[in-house]
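Novice: Going by this note's numbering, the letters in the sequence shown line up with residues 233 to 462, in that order.
Backbone N, C-alpha and C define an ideal beta-carbon position, used for all residues, glycine too.
Because the structure is a prediction, the values reported are computed rather than measured.
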Amino acid sequence: MTLLLDAITLTYPDGDGRLTALDRVSLEAPDGEVTAVVGPSGSGKSSLLAVAATLVTPDSGRVLVGGAEATGLGRAAAAELRRRAVGIVFQQPNLLPSLTALEQLQVMAHLAGRGARGARGRAGELLAAVGLGALGHRRPHQLSGGQRQRVNIARALMNEPRVLLVDEPTSALDHERGAEVLELLAGLTRERGVATVLVTHDRGQLGVADRVVEMADGRLRPAGHRSAVG
Ligand code: ADP
Ligand code: MG
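1. What is the rounded straight-line gap between the Cα of A366 and the Cα of L334?
2. Reducing DSSP to helix, strand and coil, say where A341 ends up.
3. Leaving aside the five residues before and after A418 along the sequence, list all residues of the same chain whose C-beta is less than 6 Å from its C-beta, in chain order.
4. Taking only three categories from DSSP, how would you classify G347?
5. Taking the alpha-carbon positions, what's the G319 to A386 distance?
6. Let's see if you can read the secondary structure: which residues bound the beta strand (DSSP E) around S204?
7. Between E312 and A344, what straight-line distance do the alpha-carbon atoms span, to the nearest angstrom?
8. Determine the extent of the alpha helix (DSSP H) in which T421 is found, giving its start and end residues.
9. If you follow the beta strand (DSSP E) that L237 is in, where does it begin and where does it stop?
10. Under 7 Å between the Cβ atoms of T432 and T421?
11. Should S330 be counted as a contact of ligand 1 given a C-beta to heavy atom distance under 6 Å?
12. Is the region 249 to 260 touching the region 275 to 291 in the sense that three or more CB pairs, one from each, lie closer than 8 Å?
13. How many angstroms separate the CA atom of R315 from the CA atom of Q374?
14. Are G450 and G306 close, meaning C-beta to C-beta below 7 Å?
15. Would you call the region 282 to 300 and the region 233 to 242 touching, i.e. three or more CB-CB distances under 8 Å?
16. Let me make sure I understand the geometry here. Which of G299, S403, L287, R370 has the alpha-carbon closest to that of R394?
17. Just how far apart, CA to CA, sit A351 and L438?
18. Tell me the rounded alpha-carbon separation between P272 and G347.
19. Can you find the residues in the same chain that come closer than 7 Å, C-beta to C-beta, to G410, ignoring five residues on each side of it along the sequence?
20. R443 by DSSP, collapsed to three states: which one?
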């Protein structure tokens, strides 16, 4: 079990009181599977990913990545864990405007202190895997929205993470492009054995999921296997 969230509670300051964004949430994300978290806007999905990514420290509960305790790490250790073990794909690709597609990926290896020569090969291989093998020299403004999101996904996989955290990855894409990106994510998840958590408010996207859980008002409940979702 590569990602384990155990009884996570997260509150934010809210006027005089606190708003409970996550209420004793537990979730297991197995290797090689897409675990989808579906729920309406404001239900706590992005907060859940932020905790799983060690970007936000919960009030209570534990996060385990690859069996290792990820809660309570200092800033530097948390950043190191993210670089080494966690890939993050947010809604907007946030690519660096001046870098080519290949360079976007190579930067990740550089930040993680990995060798440049291996990085070049891996970046090329990953761009090919997301269908952009011939476009490695292009900069973001020379790519379509769907192509940019593919670069984003390839970049998240660059350091061979155990866990891939994906937040509404198709919100900027048309339906067809969105469906392609989801199929791609699911294929890479299985092929590379990563534990993927896909957050979405769109039930139409659950077809690519191996497991679905539902989030409402900061609480999770199982929604069964995808065949039960319909
Ligand atoms: P979702 O991703 O499902 O739309 P979020 O996790 O973004 O939900 O938000 C869950 C709840 O927490 C919402 O009520 C939201 O307004 C609140 N919230 C999110 N981030 C913050 C923050 N940084 N400070 C205060 N409240 C927040
Ligand atoms: Mg969100």
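Specialist: A quick look at the data gives this:
1. 10 Å
2. helix
3. V266, V440
4. coil
5. 10 Å
6. The question about residue 204 has no answer, for the chain in this structure spans 233 to 462.
7. 8 Å
8. 407 to 424
9. 235 to 246
10. no
11. no
12. yes
13. 27 Å
14. no
15. yes
16. G299
17. 33 Å
18. 42 Å
19. T402
20. strand
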